[in-house]
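Under this note's numbering, the first residue of the sequence shown carries the number 56, and numbering increases by one thereafter. We put the beta carbon where it would ideally sit given N, CA and C, even for glycine. Below: the structure, in structure tokens.
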Amino acid sequence: MNNRFLGRRDFLRTALLGTISAAASGQRGLLDFGRGAGAKKELRVAISDWLPSFLADGIRHSYLAPLSTALGVELIVSRVPNHEMLLNIPASPYDLYVTSASFHSWLHNEHVFFGPLPYGLSREAKTAWLVSHEGRRLQEEFFGHMGLTPHVLGVGSDVVGCFSRRELLTPESLKNASIANRDARSQWFRGQGMRVQALLPKQQADALSSGQLDLSEILSPSVSNFLGPKNLTDLSYYIFPHVKTAPTVFALWKTDHLAELARREGGRIERVRNDALEAVSRQWLDHEERGLRMISASYNVKVMPDEIIEVFRKPAMTYRQSLMRRSPLAWRINHVYERFPHSIQGLIA
Numbered sequence: 056m057n058n059r060f061l062g063r064r065d066f067l068r069t070a071l072l073g074t075i076s077a078a079a080s081g082q083r084g085l086l087d088f089g090r091g092a093g094a095k096k097e098l099r100v101a102i103s104d105w106l107p108s109f110l111a112d113g114i115r116h117s118y119l120a121p122l123s124t125a126l127g128v129e130l131i132v133s134r135v136p137n138h139e140m141l142l143n144i145p146a147s148p149y150d151l152y153v154t155s156a157s158f159h160s161w162l163h164n165e166h167v168f169f170g171p172l173p174y175g176l177s178r179e180a181k182t183a184w185l186v187s188h189e190g191r192r193l194q195e196e197f198f199g200h201m202g203l204t205p206h207v208l209g210v211g212s213d214v215v216g217c218f219s220r221r222e223l224l225t226p227e228s229l230k231n232a233s234i235a236n237r238d239a240r241s242q243w244f245r246g247q248g249m250r251v252q253a254l255l256p257k258q259q260a261d262a263l264s265s266g267q268l269d270l271s272e273i274l275s276p277s278v279s280n281f282l283g284p285k286n287l288t289d290l291s292y293y294i295f296p297h298v299k300t301a302p303t304v305f306a307l308w309k310t311d312h313l314a315e316l317a318r319r320e321g322g323r324i325e326r327v328r329n330d331a332l333e334a335v336s337r338q339w340l341d342h343e344e345r346g347l348r349m350i351s352a353s354y355n356v357k358v359m360p361d362e363i364i365e366v367f368r369k370p371a372m373t374y375r376q377s378l379m380r381r382s383p384l385a386w387r388i389n390h391v392y393e394r395f396p397h398s399i400q401g402l403i404a
């Protein structure tokens, strides 16, 4: 199993985005860890290859290592293809999954409401949404369909922006530009005279580097994981001023194992979880400014003009509306989400 992470340079340059999710595999659940002749002696963790090494390393040392110590097992960590992570959890060789909920919106629409999408909640409001109020109940209902119980570990934030080969000064500068974004926005952007493609982050990086793509409309600089320094000389990174997402870190436990595990461990697992919440959140806050300074030093960073921000603001609601049309639960979640206190803080949709 691959236990390596990206280097220190990428560690500081990458976006501060991600969530952690956990599930038991097959018939060998968390109850079988560390005890008895047939008990599992390893805690196998899959980390999405879309997540930056900064987040992977932070979660590993602040949460996974104490957890494996409490269970008395060896920790084995692998980076795995994002699209393979949650397809067949019962048959998976992994015990825990580290990923961002929004990375899996193609699999279940409702994921976007528990990751960094939809936009708009501040760090404090996002925590309240997931820990209390209706957000917590809806989160448990959604993940309950997969046999999982969620527990929030921490909340961070990052700046919204995009990579571009063009000077984005006016809406006219977007005419005939080739842009990669979400399918739900394609029709609207085409109406602005853009050529739209739906590409994964690595595909976006390759297309930007080769000149086939003018603009990568992405919610964080995570595409930089796939862009080497030699490919950045003719790219600009445009940020949306005063706009931040609110990515979250949380654990998804196999529901039928969670209560018994908590009783057996006499509260030790809960203490590990609470300690990890503070450690991961504190680490994010400590490194956020340093990470953004590294981004500023590595890329040609510019502030997005207000006229361009208006262009990107309107289709975001279209994306949420498209989710509601496809999913009754997503409609219910959005109905509550829009009425949640302070949900308009930093809203660009």
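Close-in-space but distant-in-sequence residues of the same chain around asparagine 49 (CB under 8 angstroms, 5 per side omitted): Outside the displayed span of the chain (56 to 404) sits residue 49, for which this structure offers no information.
Helix, strand or coil at tyrosine 392 according to DSSP, with G and I counted as helix: On the sequence shown, position 337 is the one that residue 392 refers to. Tyrosine 392 falls in the helix class under three-state DSSP.
Cβ neighbours of leucine 268 in the same chain (closer than 8 angstroms, five flanking residues each side left out): Along the sequence shown, read from residue 1 onward, the residue named residue 268 stands at position 213. Arg220, Ser233, Ile234, Ala235, Gln252, Leu254, Gln259, Ala262.
Where the beta strand (DSSP E) containing glutamine 252 begins and where it ends: Counting from 1 along the sequence shown, the entry for residue 252 is found at position 197. Its beta strand (DSSP E) spans residues 250 to 252.
Environment of glycine 246 [buried if 16+ CB atoms lie within 10 Å]: Within the sequence shown, numbered from 1, the residue matching residue 246 stands at position 191. Exposed, by the Cβ-count rule.
Same chain only: Cβ atoms within 6 angstroms of phenylalanine 197, ignoring 5 sequence neighbours per side: Position 142 of the sequence shown holds residue 197. The answer, listed in chain order, is Glu165.
Inter-residue spacing [alpha-carbon to alpha-carbon] between glutamate 227 and glutamate 362: Within the sequence shown, residue 227 is the residue found at index 172, counting from 1. Within the sequence shown, residue 362 is the residue found at index 307, counting from 1. Distance between the alpha carbons of glutamate 227 and glutamate 362: 10 angstroms.
Nearest neighbour of histidine 138, chosen from Glu222, Val153, Ser291, Phe281 [CA to CA]: The residue labelled residue 138 in the question sits at position 83 within the sequence shown. Taking only the C-alpha atoms, the option nearest histidine 138 is Val153.
Collapsed DSSP secondary structure at leucine 255 in the structure displayed: As a first step, residue 255 must be located in the sequence shown, where it is residue number 200. Three-state result, leucine 255: coil.
Endpoints, beta strand (DSSP E) assigned at arginine 115: As a position in the sequence shown, residue 115 is number 60, starting the count at 1. Looking at the DSSP string, arginine 115 is not in any beta strand (DSSP E), and its letter there is neither H nor E.
Start and end residues, alpha helix (DSSP H) containing serine 103: Against the sequence shown, residue 103 aligns to sequence position 48. Per DSSP, serine 103 belongs to no alpha helix (DSSP H); it is in the beta strand (DSSP E), 97 to 103.
Close beta carbons around histidine 163, own chain, < 6 angstroms, minus the five adjacent residues each side: Here residue 163 corresponds to residue number 108 of the sequence shown, with the count starting at 1. Here the set comprises nothing.
Three-state class that DSSP yields for valine 167 in the structure shown: Position 112 of the sequence shown, counting from 1, holds the residue named residue 167. Helix.
Cα-Cα separation, alanine 146 to proline 136: Indexing the sequence shown from 1 puts residue 146 at position 91. Indexing the sequence shown from 1 puts residue 136 at position 81. Using only the alpha carbons, I get a separation of about 16 angstroms.
The alpha helix (DSSP H) enclosing serine 241, as first and last residue numbers: The sequence position of residue 241 within the sequence shown is 186, counting from 1. Note, serine 241: alpha helix (DSSP H), 241 to 246.
For valine 358, the three-state DSSP class (helix, strand or coil): As a working note, residue 358 is residue 303 in the sequence shown. Strand.
Residue burial classification, glycine 127 (beta-carbon count within 10 angstroms, cutoff 16): As a first step, residue 127 must be located in the sequence shown, where it is residue number 72. Exposed, because fewer than 16 other Cβ atoms sit within 10 Å of the Cβ of glycine 127.
Among Gln242, Trp243, Asp289, the one whose alpha carbon lies nearest that of serine 265: Numbered from 1 along the sequence shown, position 210 holds the residue referred to as residue 265. Measuring from the Cα of serine 265, the nearest candidate turns out to be Asp289.
Residue(s) in a DSSP beta bridge with leucine 130: Numbered from 1 along the sequence shown, position 75 holds the residue referred to as residue 130. According to DSSP, leucine 130 bridges with Leu98.
Glycine 190 - DSSP class collapsed to helix/strand/coil: Position 135 of the sequence shown, counted from the start, is the residue given in the question as residue 190. Helix.
6 angstroms CB neighbourhood of serine 291 in its chain, flanking five on each side removed: In the sequence shown, counting from the first residue as 1, residue 291 sits at position 236. Within the same chain, serine 291 has close Cβ partners Ser219, Asn355, Lys357.
For lysine 257 and tryptophan 105, the rounded distance between their alpha carbons: Within the sequence shown, numbered from 1, the residue matching residue 105 stands at position 50. Within the sequence shown, numbered from 1, the residue matching residue 257 stands at position 202. Going by the C-alpha atoms only, they are around 9 angstroms apart.
Neighbour-count burial assignment, asparagine 389, 16 or more Cβ in a 10 Å radius: As a first step, residue 389 is located in the sequence shown; it is residue number 334 there, counting from the start. Asparagine 389 comes out buried.
Cβ-Cβ separation, serine 155 to serine 103 (assumed contact under 8 angstroms), whole Å: The sequence position of residue 103 within the sequence shown is 48, counting from 1. The sequence position of residue 155 within the sequence shown is 100, counting from 1. Right, their Cβ atoms sit about 7 angstroms apart.
Backbone CA spacing between leucine 384 and alanine 125 [nearest angstrom]: Counting from one through the sequence shown, the residue named residue 384 turns up at place 329. Counting from one through the sequence shown, the residue named residue 125 turns up at place 70. Rounded to whole angstroms, leucine 384 to alanine 125 spans 36 angstroms at the Cα level.
Residue environment, leucine 85, which counts as buried when at least 16 other CB atoms sit within 10 Å: Counted from its first residue, the sequence shown places residue 85 at position 30. Bear in mind that the predicted position of leucine 85 carries a pLDDT of just 47, short of 50, making it too unreliable to give a figure here.
Integer-rounded CB distance, given that arginine 387 should sit under 8 angstroms from arginine 193: Locating residue 193 in the sequence shown gives position 138, where the first residue counts as 1. Locating residue 387 in the sequence shown gives position 332, where the first residue counts as 1. Note that residue 193 is leucine in the sequence shown here, rather than arginine. Going by Cβ atoms, the distance from leucine 193 to arginine 387 rounds to 7 angstroms, so yes, they are a contact pair.
First through last residue of the beta strand (DSSP E) which encompasses serine 233: Along the sequence shown, one-based indexing puts residue 233 at 178. Unbroken beta strand (DSSP E) run through serine 233: 233 to 235.
Selected residue, minimal CA-CA separation from arginine 134, among Gly216, Val366, Leu151: In the sequence shown, residue 134 corresponds to position 79, counting from 1. Out of Gly216, Val366, Leu151, Leu151 has the C-alpha closest to the C-alpha of arginine 134.
Own chain partners of proline 360 with C-beta closer than 8 angstroms, once the 5 adjacent residues on each side are dropped: Here residue 360 refers to the residue found at position 305 of the sequence shown. Once the five neighbours on either side are set aside, the close Cβ partners of proline 360 are Leu223, Leu224, Thr225.
Beta-carbon contacts of serine 271 that lie in its chain and below 7 angstroms, excluding the five residues immediately before and after: Within the sequence shown, the letter at position 216 stands for residue 271. Contacts found: Cys217, Phe218, Ala235, Gln259, Leu263, Val278.
Distance CB(valine 366)-CB(leucine 141) smaller than 8 angstroms: Translated into positions along the sequence shown, residue 366 becomes position 311. Translated into positions along the sequence shown, residue 141 becomes position 86. No, Cβ-Cβ distance for valine 366 and leucine 141 is not below 8 angstroms.
Threonine 225 (DSSP reduced to helix, strand or coil): The residue labelled residue 225 in the question sits at position 170 within the sequence shown. Coil, per DSSP.
Alpha-carbon spacing of asparagine 143 relative to serine 382, whole angstroms: Position 88 of the sequence shown, counting from 1, holds the residue named residue 143. Position 327 of the sequence shown, counting from 1, holds the residue named residue 382. Looking at the two C-alpha atoms, the distance is approximately 21 angstroms.
Sequence-distant residues of its chain with Cβ nearer than 8 angstroms to serine 123 (five each side left out): Taking the sequence shown and counting its residues from 1, the one referred to as residue 123 is at position 68. Around serine 123: Leu98, Glu129, Leu130.
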